[in-house]
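Engineer: Remember, the working numbering sits 7 above the position in the sequence shown when you count from 1. We put the CB at the ideal spot given by N, CA and C, even for glycine.
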Amino acid sequence: MSPIFLDEIKFRSQELNSEAMDWYNERMAEGEEIKRQTLEILEPRSRERGKLITLLQDIQAKFGYLPREAMLEFANFLDIPESEVYSVATFYNQFRLVPPGKHQIKVCLGTACQTKRGRIILEAWQRELDIKVGETTADREFSLERVACVGCCAMAPVTVVNDKAEGKVSPTRVKGILLSFELEKQKDKGEEEPS
Ligand code: FES
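Structure (C-alpha cells):
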C-alpha cells in the first residue's frame, strides 16, 4: 500500500474518531441533563414505593418517554434495583421506553372499537409502519400506541392521529393517512429547496 494511501486512511480515521467523540460527548451531556431534570421532579416528592407509578407518569410527562438515565436516577431515589423500575415500566402499556415519533398514532381498542374490527386496524398500522405497538419508526416520524376508549364510540373503529380522532378507519384509510403525511413532507421539502 502506498504511503499516500496510508496517510489518507490515517486522516479519515482521525476524522471519524473526532466525529465519534463529538457524538459521545453530546450523548453524555444529554444524559446529564436528563438526570438533572429527573431530580428536579423527584426531589420535592416523597420516597414512598407506593408512589412509583405516579412518579413514572410525571417523568414520562416531562420527556415524552422514560429515558434510561431517568429510570436509573429514579431507582437511586427510591433505593430500589433498576430492574424493579424497568419491570413496572414494561408491565403497563401507558409507559414508553423509546422517544415518541413526530406523529403519534393511537389505535383505540376499547370495546366498541374492538367490536368494529379495531384489531385489524391495529394490524394494518403495524404492517404499514413496520413497527409494533410501543415502537417508533427508525426515521422517528411515527410511533404507535394502543389506547382504551377515547370517547368517540359512535365513530368506531377510531385511530387518534396527532390528537385528532379519525373515525370509521379501514386498512385503506390507514394507507391514505400515511400518504397524506408523505405528500405533506414532499411539499415542505419542495418549499425548502432554493428556486
Ligand atoms: S371504544 Fe373506541 S372510541 Fe370508544
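Once you ignore the five residues that flank LYS6 on each side, which residues in its own chain have a CB closer than 7 Å to its CB?
Structural biologist: Outside the displayed span of the chain (8 to 202) sits residue 6, for which this structure offers no information.
Engineer: Taking C-alpha atoms, which residue in LEU73, VAL154 and GLU89 lies nearest to LEU104?
Structural biologist: Nearest C-alpha to LEU104: LEU73.
Engineer: Our contact map puts GLN67 next to PHE102 with C-beta atoms below 8 Å; I'd like the distance itself, whole angstroms only.
Structural biologist: About 6 Å separates the two Cβ atoms, so the contact holds.
Engineer: I'd like the span of the alpha helix (DSSP H) that includes VAL140, first residue to last.
Structural biologist: Neither: VAL140 is in no alpha helix (DSSP H) and is coded neither H nor E.
Engineer: Provide the residue(s) that pair with LEU46 in DSSP beta bridges, ordered along the chain.
Structural biologist: Per DSSP, none; premise fails for LEU46.
Engineer: Exposed or buried, LEU116, counting other C-beta atoms within 10 Å across all chains shown (16 or more means buried)?
Structural biologist: Counting Cβ neighbours within 10 Å, LEU116 comes out buried, since at least 16 surround it.
Engineer: Are the CB atoms of LEU151 and ILE138 nearer to each other than 8 Å?
Structural biologist: Taking 8 Å as the Cβ cut-off, LEU151 and ILE138 qualify as a contacting pair.
Engineer: Quick one: complete beta strand (DSSP E) runs, 3+ long, within the region 106 to 161?
Structural biologist: Counting only runs of 3 or more, we get 110 to 115 and 149 to 154.
Engineer: Are three or more beta carbon pairs between the region 24 to 35 and the region 53 to 60 nearer than 8 Å?
Structural biologist: No: the two stretches stay apart, fewer than three of their Cβ pairs being nearer than 8 Å.
Engineer: First and last residue of the alpha helix (DSSP H) that includes ALA172?
Structural biologist: Looking at the DSSP string, ALA172 is not in any alpha helix (DSSP H); the run it does join, the beta strand (DSSP E), is 171 to 173.
Engineer: Starting from VAL176, follow the alpha helix (DSSP H) in both directions and report where the run begins and ends.
Structural biologist: Per DSSP, VAL176 belongs to no alpha helix (DSSP H) and is neither H nor E.
Engineer: Provide the residue span of the alpha helix (DSSP H) that contains VAL95, from first to last.
Structural biologist: Run containing VAL95: 89 to 98, per the alpha helix (DSSP H) assignment.
Engineer: Is THR61 buried or exposed, if buried means 16 or more other CB atoms sit within 10 Å of its CB?
Structural biologist: Exposed, by the Cβ-count rule.
Engineer: Cα separation between ASP65 and VAL154?
Structural biologist: When rounded, the distance between both Cα atoms is 19 Å.
Engineer: Compute the distance between the beta-carbons of LYS42 and GLU89, then report whether it is under 8 Å.
Structural biologist: Not closer than 8 Å, so no.
Engineer: Cβ-heavy atom distance between THR118 and ligand 1 below 7 Å?
Structural biologist: Yes, Cβ of THR118 sits closer than 7 Å to a heavy atom of ligand 1.
Engineer: Answer with buried or exposed for ALA131, where buried requires no fewer than 16 other C-beta atoms within 10 angstroms of its C-beta.
Structural biologist: So ALA131 ends up on the buried side.
Engineer: Given this structure, state the Cα-to-Cα distance separating GLU148 from VAL157, to the nearest angstrom.
Structural biologist: If I take the Cα positions, the gap works out to 23 Å.
Engineer: Rank CYS160, LYS182 and LYS58 by C-alpha distance to the C-alpha of LEU136 and give the top, closest one.
Structural biologist: Residue LYS182 is the option with its Cα nearest to LEU136.
Engineer: With C-beta atoms as the reference, is TYR99 less than 8 Å away from MET78?
Structural biologist: No.
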